[in-house]
Amino acid sequence: MQEKGLLDKRNLPDREFTELWERIVLPKAIKEKLRNQVLLELTLRSKIPSKAAIPLHGIILLVGPPGTGKTSIAKGVASAAASAIQGAKITFIEVEPHALTSSALGKTQREVRKFLEEVVTEHAAQGPLIVLLDEVETLVADRTKLSLEANPIDVHRSTDAMLAGLDNLAARFPELLFIATSNFEGALDPAFVSRADLVLQIDKPTAEACEAILTDTLNALAEQWPALKKITKQPNYQKLSHELLGLDGRQIRKAVISACTSDIKVVLNPGLLTMEHINEAVSLAKRK
């Protein structure tokens with residue numbers, strides 16, 4: 001039976017996660033930095049003689065607006081790092097944070113402590129483990145911004161329980177890494193942010209990245225409808241890419257699919273999609 005709070009579990013490297021990593025559009029230096037940080041956490045932490053001199057907590061934090069691919073990046077880099085460690089057997093689990101929260105006084109604190117002490121500990125004891133904490137602000141809300149009158153003390157206690165649990169696990173399992181994501185860095189408790197060995201800001205894509213995302217989306221569709229490849233070769237294609245500025249990666253990919261609904265003929269045969277269809281869908285997406 002699936003443990004409470006556990007959304008996903010799989011062995012790394014994973015084919016689906018590897019494809020995510022290959023399709024993620026980030027500057028090469030950023031992708032390499034992130035992958036190397038994961039490798040460092042999994043391979044060097046156990047060899048560091050002085051934890052006081054070099055305080056690695058086994059936490060990577062990805063922050064940025066919704067739709068910028070933080071969750072996909074977390075999954076993808078986990079698989080990419082696992083692929084780089086020859087013969088490694090690494091487990092990946094994803095936490096369902098909302099399953100651990102409750103309006104009942106004291107229950108969130110108990111559920112958080114139980115999940116860390118039982119579920120995470122059990123998996124970490126078996127070997128290298130990467131844990132995805134998506135929407136981590138749910139579990140480590142900034143205690144300095146919470147009013148005890150407007151918010152239950154349970155929120156404070158759950159943050160306390162989370163921080164204490166992370167410290168305990170970091171000390172016991174040097175091959176355990178948490179990758180956390182948040183849409184709201186300002187909502188996170190400073191004590192949690194300070195524990196992160198790397199905080200990486202994931203922003204909306206640049207014009208160059210927008211073009212790469214659009215091209216990747218069209219190329220993926222072109223595997224089934226080859227006629228779509230012609231769109232990327234048209235003279236005004238780069239101009240179209242600049243029109244995408246301000247949209248996040250998810251919105252760009254969805255805009256292409258939305259463009260297919262502009263005409264019933266395109267719905268039935270996406271190979272008939274044109275730049276005009278995409279332009280209309282992009283304009284609509286930017287008005288939302």
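For the sequence shown, full-length UniProt numbering assigns the number 1 to the initial residue and increments by one for each residue that follows. For glycine and all other residues, C-beta sits at the position ideal for the given N, C-alpha and C.
Could you tell me if R143 is buried or exposed, where buried requires 16 or more neighbouring beta carbons within 10 angstroms of its beta carbon?
-> Around the beta carbon of R143, 16 or more other beta carbons lie within 10 angstroms, which makes this residue buried.
Pick helix, strand or coil for A150, following the three-state DSSP scheme.
-> Unreliable placement is indicated for A150, whose pLDDT of 47 sits below 50; the coordinate value is still reported in the next sentence. Three-state result, A150: coil.
By Cβ distance below 6 Å, which residues in the same chain neighbour L133 in space, the five residues on each side in sequence not counted?
-> Once the five neighbours on either side are set aside, the close Cβ partners of L133 are V95, F178 and A180.
Note down the Cα distance separating Q201 from P66, rounded to an integer number of angstroms.
-> Roughly 12 Å between the two C-alpha positions.
Cβ pair count under 8 Å reaching 3, the stretch 246-256 against the stretch 212-225 | Under the three-pair Cβ rule at 8 Å, the stretch 246-256 counts as touching the stretch 212-225.
Could you tell me the distance, in whole angstroms, from the CA atom of G87 to the CA atom of T18?
-> The straight-line gap from Cα to Cα measures roughly 17 Å.
Indicate the three-state DSSP secondary structure (helix, strand or coil) for E3 in the structure shown.
-> In the structure shown, E3 sits in coil (DSSP, three-state: anything other than H, G, I, E or B).
Write down the C-beta distance between P205 and V25 rounded to the nearest angstrom, noting that I regard them as a contact closer than 8 Å.
-> Yes, they are in contact, since the Cβ atoms of P205 and V25 sit about 6 Å apart, within 8 Å.
Own chain partners of Q37 with C-beta closer than 8 Å, once the 5 adjacent residues on each side are dropped | Excluding sequence neighbours, Q37 sits near I60, D197 and L198.
State the CB to CB distance for the pair H57 and A191, rounded to an integer number of angstroms; the pair is presumed to be in contact (CB under 8 Å).
-> With 8 Å as the limit, H57 and A191 do not qualify as a contact, their Cβ atoms being about 11 Å apart.
Considering only residues of the same chain and omitting the five flanking positions on each side of V112, which have a CB-CB separation below 8 Å?
-> Correct list, in chain order: L100, L139, S158, A161, M162 and G165.
Exposed or buried, which one is F75 when buried takes at least 16 other CB atoms within 10 Å?
-> The displayed chain sequence assigns Lys, not Phe, to residue 75. K75 counts as buried, since at least 16 other C-beta atoms from the protein chains shown sit within 10 angstroms of its C-beta.
Do S79 and L12 have their C-beta atoms closer together than 7 Å?
-> Yes, they are a contact pair.
So what does DSSP say about Q37, is it helix, strand or coil?
-> Helix at Q37.
Under a three-way DSSP split, which group does I90 fall into?
-> Strand, per DSSP.
Own chain residues within Cβ distance below 8 Å of I231, not counting five before or after | The answer, listed in chain order, is L218, Y237, L273, T274, M275 and I278.
Name the two residues that bound the continuous beta strand (DSSP E) containing A180.
-> Here the beta strand (DSSP E) through A180 covers L176 to S182.
Could you please give me the residues that DSSP links to Q251 through a beta bridge?
-> Its beta-bridge partners do not exist; DSSP assigns none.
So A81 and L39 are in contact, right, with Cβ under 8 Å, and what is the actual spacing, rounded?
-> With 8 Å as the limit, A81 and L39 qualify as a contact, their Cβ atoms being about 5 Å apart.
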